[in-house]
Structures are given as C-alpha cells and as structure tokens.
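In my numbering, the protein residues as written are 19 to 99.
One structure is given here, and the rest of the page talks about it.
Laid out in structure tokens, this is it:
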C-alpha cells in the first residue's frame, strides 16, 4: 500500500490491482508484461506529480510528454491519467 500526501490534513491511499490472462506464458512474455507494468506504475506516479485537478488539464499539460517519455501503448497512457 502506498500513501501519498494530499494536504497537511488528509492522506490518500492508492492501490493498483492488475488482472490479466497470459496464454502460454513464456519467459519473453512474462518479461515484457513485467516491463510494461513497471512503466505503467512509473507513468501513474509521474502523472500524480502534476497534482492534477482535472483529466482535461492533465491531458493538455502532460500527454505528449508522457508519450515521448514512456514506451507504453496509447490506451495505457490514457488509463494512467
């Protein structure tokens, strides 16, 4: 469980659960899945560093930078917001 300081009076708890099916898992698929998951979590933390007020403002301020910074598919970048 990760705690993020929201203000001096309250804290927010963020829990991320990822569920998916991997058919015929092999070492390469598992390595790619773990790499993408690590990048996704890093992207979520990066987005949180902007202290977003709305999704639209966050998209305007950070989406194109995130696309260059992280090697994630567009759907993952959008869901990280």
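Heads up, the beta-carbon is just placed ideally off N, CA and C, and yes, glycines get one too.
Report the option in the options whose CA atom is closest to the CA atom of residue i.
| i | options | result |
| --- | --- | --- |
| residue 97 | 83, 73 and 87 | 73 |
Let's see if you can read the secondary structure: which residues bound the alpha helix (DSSP H) around residue i?
| i | result |
| --- | --- |
| residue 59 | 45-66 |
| residue 87 | 73-87 |
| residue 35 | Premise fails: residue 35 is in no alpha helix (DSSP H) and is neither H nor E. |
| residue 94 | 92-98 |
Quick test of your reading: residue i and residue j, contact by CB under 8 angstroms. State the CB separation rounded to the nearest angstrom.
| i | j | result |
| --- | --- | --- |
| residue 94 | residue 58 | 6 angstroms |
Using beta carbons (cut-off 9 angstroms, strictly below), is residue i in contact with chain D?
| i | result |
| --- | --- |
| residue 60 | Absent from the structure is chain D; it holds one protein chain and no more. |
Query raised in the report: Okay, do the region 40-49 and the region 76-92 touch, 3+ Cβ pairs below 8 angstroms being the bar?
Result: Segments in contact, no.
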